[in-house]
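Novice:
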Amino acid sequence: MNKFIKLLMVVILTSVISPFSLYPSSVFADNKIIYSTDLFNDGDFDDYFDLIALKSLEGIDSTIILDGNEQITTRGGASAIENLDIITGETTKYTLGLNENSYFYKDRGWKSHSFLQRNIQNIISEIQQAPEKTTIVTVGSLRDISAAYNREPNLFREKVSKIYIFAGDYKGTYKEHNVELDELAYLNVMNSGLSIFWIPCFEEGLWTYGDNSSYFTVKHSELFTNSESPLFKWFLYRFIKETIPFESFLNNEYNGTLFLEDMRNLWVAPLLSILDGGWDSYIDKYNLENNTALSSPITFEPVTAKFLKEGKVDYTQGNKIMKLKIVDRDEYVSLSKYIIKEMIKRVEGM
Numbered sequence: 008m009n010k011f012i013k014l015l016m017v018v019i020l021t022s023v024i025s026p027f028s029l030y031p032s033s034v035f036a037d038n039k040i041i042y043s044t045d046l047f048n049d050g051d052f053d054d055y056f057d058l059i060a061l062k063s064l065e066g067i068d069s070t071i072i073l074d075g076n077e078q079i080t081t082r083g084g085a086s087a088i089e090n091l092d093i094i095t096g097e098t099t100k101y102t103l104g105l106n107e108n109s110y111f112y113k114d115r116g117w118k119s120h121s122f123l124q125r126n127i128q129n130i131i132s133e134i135q136q137a138p139e140k141t142t143i144v145t146v147g148s149l150r151d152i153s154a155a156y157n158r159e160p161n162l163f164r165e166k167v168s169k170i171y172i173f174a175g176d177y178k179g180t181y182k183e184h185n186v187e188l189d190e191l192a193y194l195n196v197m198n199s200g201l202s203i204f205w206i207p208c209f210e211e212g213l214w215t216y217g218d219n220s221s222y223f224t225v226k227h228s229e230l231f232t233n234s235e236s237p238l239f240k241w242f243l244y245r246f247i248k249e250t251i252p253f254e255s256f257l258n259n260e261y262n263g264t265l266f267l268e269d270m271r272n273l274w275v276a277p278l279l280s281i282l283d284g285g286w287d288s289y290i291d292k293y294n295l296e297n298n299t300a301l302s303s304p305i306t307f308e309p310v311t312a313k314f315l316k317e318g319k320v321d322y323t324q325g326n327k328i329m330k331l332k333i334v335d336r337d338e339y340v341s342l343s344k345y346i347i348k349e350m351i352k353r354v355e356g357m
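Residue numbers (my numbering): 8 to 357.
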């Protein structure tokens, strides 16, 4: 075998097995997913679409961390998950996150908080017991992941293959909401040297989008094809903040017109299809149905970055991480809407 062929094989193999592959592929999917979310009833409604996206993934063993101290209320994240389980007939694994941000525990001594210790151990145990490596996804704060990493840094280096972090502002001009939830935890994980895949929420300030941010908007009517399905009613129940039991709500008739006309800010849902390798399959299906030849409109590119207080980013120093890069925004938005619509139909069919 000549030197050129050997070199070509090395290049090909490297592009296939590298955890920093530029394109999403099932080759890089892990069976075990830890998913941390600030799934609240109030605020933006995007987290509910993200939950459906997670539920739609195939062959994934997921555990959800409910981030924040309002998750056990009637309108909190726990009830949203349990109501969804009524529809799908499944049992979703979830654990409650920490009540306070990292500054609170740091000031008062980490080891003095029994709830903190139990919470950390739950995360650590999930990673330890996974047969292969684990992927972590955060769409809220990073306080729980940061606390677990502080306790078992070697475990994270050995058994966490990737951490997808949906947070921040690419240009570093704005302290985005997920960063503000727990800035200390965010800085701790982002500067850890772990295998970080960063998906900035905004490009250069609040409500800005660009080639380095996942933010887009969509009208609800673009995503739903069956306004009579139990899943549609699950969305409607959360949207109108109904107070009667969910089982009773399912048996009643409600007008969903206002919900369908509402616009939604989204960042996460379609990109979760990367986790089970479905991103590429959705592209194939999209092309077949639309008679197009679309290739992936996104990539992940390596950047060197150090994350600083107040949402600032220094690209002249720090660790190498992978960052979202959108190569065609129009196609990214069109494909994202299509993927979410397909995810909803998939969960409706469960």
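Heads up, the beta-carbon is just placed ideally off N, CA and C, and yes, glycines get one too.
All values derive from a computational prediction rather than experimental measurement.
(1) Does DSSP classify A137 as helix, strand or coil?
(2) In angstroms with no decimal places, state the Cα-to-Cα distance between V18 and T232.
(3) Measure the CB-CB distance between E338 and Y289 and report whether it falls below 8 Å.
(4) Among R158, K169, F52, whose alpha-carbon lies nearest the alpha-carbon of I41?
(5) Secondary structure at S69, three-state DSSP: helix, strand or coil?
(6) Give me the Cα-Cα distance between A87 and G356, rounded to the nearest whole angstrom.
(7) Taking 8 Å as the threshold, find out whether the region 271 to 278 comes into contact with the region 95 to 105 through three or more Cβ pairs.
(8) Confirm, please, whether the CB-CB distance from S199 to C208 is below 8 Å.
(9) Return the first residue and the last residue of the alpha helix (DSSP H) that D151 is part of.
(10) Would you give the residue range spanned by the alpha helix (DSSP H) that D7 belongs to?
(11) So what's K348 in DSSP terms, helix, strand or just coil?
(12) Checking the sheet assignment: what are the DSSP bridge partners for F392?
(13) So, does the region 305 to 312 touch the region 325 to 342, judging by three or more C-beta pairs under 8 Å?
(14) Tell me, to the nearest whole angstrom, how far the beta carbon of S132 is from that of A192; I am working on the premise that it is less than 8 Å.
(15) Which same chain residues end up closer than 7 Å to L238 when comparing Cβ atoms and leaving out the 5 residues on each side of it in sequence?
(16) Answer with buried or exposed for K100, where buried requires no fewer than 16 other C-beta atoms within 10 angstroms of its C-beta.
(17) Beta carbon of L64, beta carbon of T44: below 8 Å?
(18) Could you check what DSSP says for L103 in three-state terms: helix, strand or coil?
(19) Do Y171 and F163 count as a contact pair if the criterion is CB distance below 8 Å?
(20) Per DSSP, which one or two residues make a beta bridge with I305?
(21) For my contact list, F223 and V340 are in at a C-beta cut-off of 8 Å; report their separation, rounded to the angstrom.
(22) Could you tell me the alpha carbon to alpha carbon distance between E183 and K313, rounded to whole angstroms?
(23) Can you tell me whether DSSP reads M270 as helix, strand or coil?
(24) On the criterion of 16 or more Cβ atoms from any shown chain inside 10 Å, does A174 qualify as buried, or is it exposed?
(25) From the DSSP output, which residues share a beta bridge with I40?
(26) What's the gap between the Cα of S32 and the Cα of D291?
(27) Tell me which residue opens and which closes the beta strand (DSSP E) that F223 is part of.
(28) Check the C-beta distance from T360 over to K166 and give it rounded, since I have them as a contact under 8 Å.
(29) Quick test of your reading: G318 and V186, contact by CB under 8 Å. State the CB separation rounded to the nearest angstrom.
(30) Ends of the alpha helix (DSSP H) at N294?
(31) For A137, which residues from the same chain have a beta carbon less than 6 Å from its beta carbon, with the 5 sequence-adjacent residues on both sides left out?
(32) If you draw a straight line from the alpha carbon of G66 to that of L282, how long is it in whole angstroms?
(33) Nearest by alpha-carbon distance to M270: which of T250, H227, I251 is it?
Specialist: Once the coordinates are examined:
(1) For the purposes of this step, residue 137 is taken as the residue at position 130 of the sequence shown. In this structure, A137 counts as coil in the three-state DSSP scheme.
(2) Looking up residue 18 in the sequence shown gives position 11. Looking up residue 232 in the sequence shown gives position 225. Confidence in V18 is poor, its pLDDT being 36 and thus under 50, which makes the residue's placement unreliable; the coordinate value appears in the next sentence. For V18 and T232, the distance between alpha carbons rounds to 44 Å.
(3) Locating residue 338 in the sequence shown gives position 331, where the first residue counts as 1. Locating residue 289 in the sequence shown gives position 282, where the first residue counts as 1. It is not a contact, given that the beta carbons lie outside the stated cut-off.
(4) Looking up residue 41 in the sequence shown gives position 34. Selected option, being the one with the closest Cα: K169.
(5) Within the sequence shown, the letter at position 62 stands for residue 69. Three-state DSSP puts S69 in a strand.
(6) For the purposes of this step, residue 87 is identified with residue 80 of the sequence shown, where counting begins at 1. For the purposes of this step, residue 356 is identified with residue 349 of the sequence shown, where counting begins at 1. Distance between the alpha carbons of A87 and G356 is about 19 Å.
(7) no
(8) Here residue 208 refers to the residue found at position 201 when the sequence shown is read from its first residue. Here residue 199 refers to the residue found at position 192 when the sequence shown is read from its first residue. The answer is no: Cβ separation not under 8 Å.
(9) For the purposes of this step, residue 151 is taken as residue 144 along the sequence shown, with counting starting at 1. D151 -> alpha helix (DSSP H) spans 150 to 158.
(10) Residue 7 lies beyond the range of the chain shown here (8 to 357); nothing can be said about it.
(11) By one-based count along the sequence shown, residue 348 stands at place 341. The answer is helix: DSSP assigns K348 an H, G or I state.
(12) Residue 392 lies beyond the stretch modelled for the chain, which goes from 8 to 357, so this question has no answer here.
(13) yes
(14) Sequence index remark: in the sequence shown, residue 132 carries index 125 (1-based). Sequence index remark: in the sequence shown, residue 192 carries index 185 (1-based). Between A192 and S132 the Cβ distance is about 20 Å, and since that is not below 8 Å, they are no contact.
(15) Locating residue 238 in the sequence shown gives position 231, where the first residue counts as 1. Within the same chain, L238 has close Cβ partners I94, I351, V354, E355.
(16) Here residue 100 refers to the residue found at position 93 when the sequence shown is read from its first residue. Label assigned to K100: exposed.
(17) Numbered from its first residue, the sequence shown carries residue 64 at position 57. Numbered from its first residue, the sequence shown carries residue 44 at position 37. For L64 and T44, no; Cβs fall outside 8 Å.
(18) Within the sequence shown, residue 103 is the residue found at index 96, counting from 1. Strand, per DSSP.
(19) As a working mapping, residue 163 is identified with position 156 in the sequence shown. As a working mapping, residue 171 is identified with position 164 in the sequence shown. No, the Cβ-Cβ distance between F163 and Y171 is not below 8 Å.
(20) Working through the sequence shown from its first residue, we reach residue 305 at position 298. The partner list for I305 (beta bridge, DSSP) reads I333.
(21) Here residue 223 is taken as the residue at index 216 of the sequence shown, counted from 1. Here residue 340 is taken as the residue at index 333 of the sequence shown, counted from 1. Contact flag correct, Cβ pair sits at about 5 Å.
(22) To locate residue 183, count along the sequence shown from 1; it is residue 176. To locate residue 313, count along the sequence shown from 1; it is residue 306. Computed Cα separation, rounded: 16 Å.
(23) Position 263 of the sequence shown, counting from 1, holds the residue named residue 270. Residue state, collapsed to three classes: strand.
(24) Start at 1 with the first residue of the sequence shown, and residue 174 comes out as number 167. That one is buried.
(25) The count along the sequence shown starts at 1 and reaches residue 40 at position 33. According to DSSP, I40 bridges with S69, T142.
(26) Position 25 of the sequence shown, counted from the start, is the residue given in the question as residue 32. Position 284 of the sequence shown, counted from the start, is the residue given in the question as residue 291. Confidence at S32 is low in this model, with a pLDDT of 42, below 50, so its placement is unreliable and no value can be given for it.
(27) Indexing the sequence shown from 1 puts residue 223 at position 216. First-last of the beta strand (DSSP E) with F223: 223 to 226.
(28) Coverage of the chain is limited to positions 8 through 357, which leaves residue 360 absent and any answer about it impossible.
(29) By 1-based counting over the sequence shown, the position of residue 318 is 311. By 1-based counting over the sequence shown, the position of residue 186 is 179. Indeed, because the Cβ distance is near 5 Å, the residues count as touching under 8 Å.
(30) Position 287 of the sequence shown, counting from 1, holds the residue named residue 294. Where N294 is concerned, the enclosing alpha helix (DSSP H) stretches over 285 to 297.
(31) Against the sequence shown, residue 137 aligns to sequence position 130. Contacts found: K39.
(32) In the sequence shown, the residue the question calls residue 66 occupies position 59. In the sequence shown, the residue the question calls residue 282 occupies position 275. If you take the alpha carbons of G66 and L282, they lie about 10 Å apart.
(33) Walking along the sequence shown from the start, residue 270 turns up at place 263. Looking at the Cα atoms, H227 is the closest of the given residues.
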